[in-house]
Structures are given as structure tokens and as C-alpha cells.
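Residue numbers (the working numbering): 1 to 176.
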């Protein structure tokens, strides 16, 4: 499947495009309700997602969309602050989510590659992956393939769907 990677569209006043936000919300809600990549329990509303993405874009964090040539959005990725304290300002944390029917088709690799490049171009120094569920071998493999190194695992730190869940920490330098 050939996809186009682009920035989240905005209107003249800088607000995210409502159709992009609606598609992103639908993709993410599925992962919240059916997966362990996100530790959220209650899926966010379209308004919640619009607020989150607006806040990221206001601070010049990259927010990217993957869409098929027919305009159907099949995934998104963004970099956000790793931690709120000022000393972390040069480090970002990545998030990548795909439509449930588009997993394993290389779209995640395209999105994460573009996100790494966008974050590096903005001068960020490190990118962290905080992967929900150590059983998420697809995400761990994707990050490894793109040069992230495993730096630790927090064991049984989350609880969702009746399971204790680990968090896998991976890191990639963005500047030489």
C-alpha cells in the first residue's frame, strides 16, 4: 500500500483540520479500547484529540499523518515532550498509531522514519520510545530496525484488560 506522509493540516488560524482530527481520534480510540499500546482506559473525544494536537503544534512538535492516495487516513505519528521539566526540552517521545487494517504493511516504518527526520530537523537531540506492553513485538521490532536501542523495562507498571503490563524504554540519538 503506497501512502503519503504529510504534516497534520491546519486552517488559516492554525487549528488542526477537523477531518484529520476525526480520523486520528477513530484510530486512537480503537487502540485504547482494544490494545495495550496505550495505557489510557477511556478513549479521548475528538475535542480532546484536537486539544492535544493543538498543544503539540503550538510548541512546534511534529505531528504527521499517513494517508492513501485516495485521501483516507491510515495512521498518524507525533513527537511530544518526554518529561515536563525544562532540562528534558531537547528530548522527545514518539507515538505511532495505525488503522487496525493497515498493520504490518510498512506504514509504521514510513511514519516513524519521517517523524525521526522531522524531530532531528527541529533540533531535538534524543527520541524516546515508551512502548506499552513488552508483548508489543511489532513496535519493539520497528524501533529496533530504525536504530533505537533498548535501555530498560519497567515491569508490571500498568494494568489493563486484566493483565499486568510492562513498559519497554528505547532511545535513539537524533544528532551526531
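Every residue, glycine too, gets a C-beta built ideally from N, C-alpha and C. These figures come from a predicted structure and were not determined experimentally.
DSSP, reduced to helix, strand and coil, places residue 2 outside both helices and strands of the structure shown, so it counts as coil. Residue pairing of residue 68 in beta bridges, as defined by DSSP: 3. For residue 154, no alpha helix (DSSP H) run applies; the uninterrupted beta strand (DSSP E) run containing it begins and ends at 149–160, by DSSP. Residue environment for residue 11: exposed (fewer than 16 other C-beta atoms within 10 angstroms of its C-beta). Shortest Cα-Cα distance from residue 134 to any of 156, 118 and 62 involves 156. Relative to the Cα of residue 94, the nearest Cα in the group 116, 20, 166 and 144 belongs to 116. Closest in C-alpha terms to residue 28, from the list 125, 15 and 44, comes 44. Of the residues assessed, residue 50 falls on the buried side of the cut-off, its CB having 16 or more other CB atoms within 10 angstroms. Looking at the DSSP output, residue 97 sits in a beta bridge with 76.
The continuous beta strand (DSSP E) containing residue 129 extends over residues 126–132. Beyond the five residues adjoining it in sequence on each side, residue 20 comes within less than 7 Å, by CB distance, of 8, 9, 65 and 73 in the same chain, given in chain order. A Cβ-Cβ distance of about 20 Å is found for the pair residue 108 and residue 71, leaving them out of contact under the 8 Å criterion. Nearest neighbour of residue 121 by Cα position, chosen from 78, 83, 41 and 62, turns out to be 62. Between residue 38 and residue 141, the C-beta gap is not smaller than 8 Å, which leaves the two residues out of contact. Under DSSP, residue 170 takes part in a beta bridge, and its partners are 129 and 150. Rounded to the nearest whole angstrom, the CA to CA distance from residue 160 to residue 170 is 22 Å.
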